[in-house]
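Enquirer:
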Amino acid sequence: MLTNSPLRRWDRIAGPSHPDHLAAGEATTCAVYPDARNPFTFTDIGLEPWTVREIWYSGGPAPDHLVDVTDTFPRKLAALRAHVSQTSHLTDLDATIEARLAMVAAAGGLPAGRLAESFSVFSTA
């Protein structure tokens, strides 16, 4: 399961600490554990219990997993541009995102020219 980290980041308050992102991370985490595996939850709508093996948090304080996204970068930009209300006013969206992902890749030891995203991965099993 991929979601935003529910932890407030005081060192990057303008980024992943947006209230909507925190709420999404918290709601997803609560849905995954313990609700999804509880046999007494959601019986009224016929859902069977199931277990999510891992939660991958983006924007967390201590990422421990790196994903090279160089090959999918054009798709990422297209997806971001589709959020017109959030991105249409940003004249340098492509360069800003590319620079951020290049910095993450370099910090993670990837070669120059690569782009990456980082995550904190937690086992829920």
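Numbered per this note's numbering, the sequence shown spans residues 274 to 398. We put the beta carbon where it would ideally sit given N, CA and C, even for glycine. Since the structure is predicted, the reported quantities are computational estimates derived from the model, not experimental observations.
Where does F392 land, buried or exposed, given buried means 16+ other C-beta within 10 angstroms?
Expert: buried
Enquirer: What number of angstroms, rounded off, separates the C-alpha of T316 from the C-alpha of D308?
Expert: 11 Å
Enquirer: Report yes if the CB atom of L388 is closer than 7 Å to the CB atom of A378, and no otherwise.
Expert: yes
Enquirer: Do I328 and F395 come within 7 Å of each other at the CB atom, strictly closer than that value?
Expert: yes
Enquirer: With a CB to CB cut of under 8 Å and the five nearest residues on each side skipped, what residues in its chain are close to T302?
Expert: T276, P279, I328
Enquirer: Which complete beta strand (DSSP E) runs does the segment 297 to 340 hold, if anything under 3 residues is left out?
Expert: Fully contained in the segment 297 to 340 are the following beta strand (DSSP E) runs of length 3 or more, in chain order: 327 to 331.
Enquirer: Kindly indicate the opening and closing residues of the beta strand (DSSP E) around T343.
Expert: Unbroken run through T343: none, as it is neither H nor E.
Enquirer: Is there contact between the segment 369 to 377 and the segment 337 to 351, where contact requires at least three CB pairs shorter than 8 Å?
Expert: At 8 Å Cβ cutoff, the stretches touch.
Enquirer: Between the C-alpha atoms of L320 and F313, what's the straight-line distance to the nearest angstrom?
Expert: 10 Å
Enquirer: Please state if the CB of L353 and the CB of T360 are separated by a distance shorter than 7 Å.
Expert: yes
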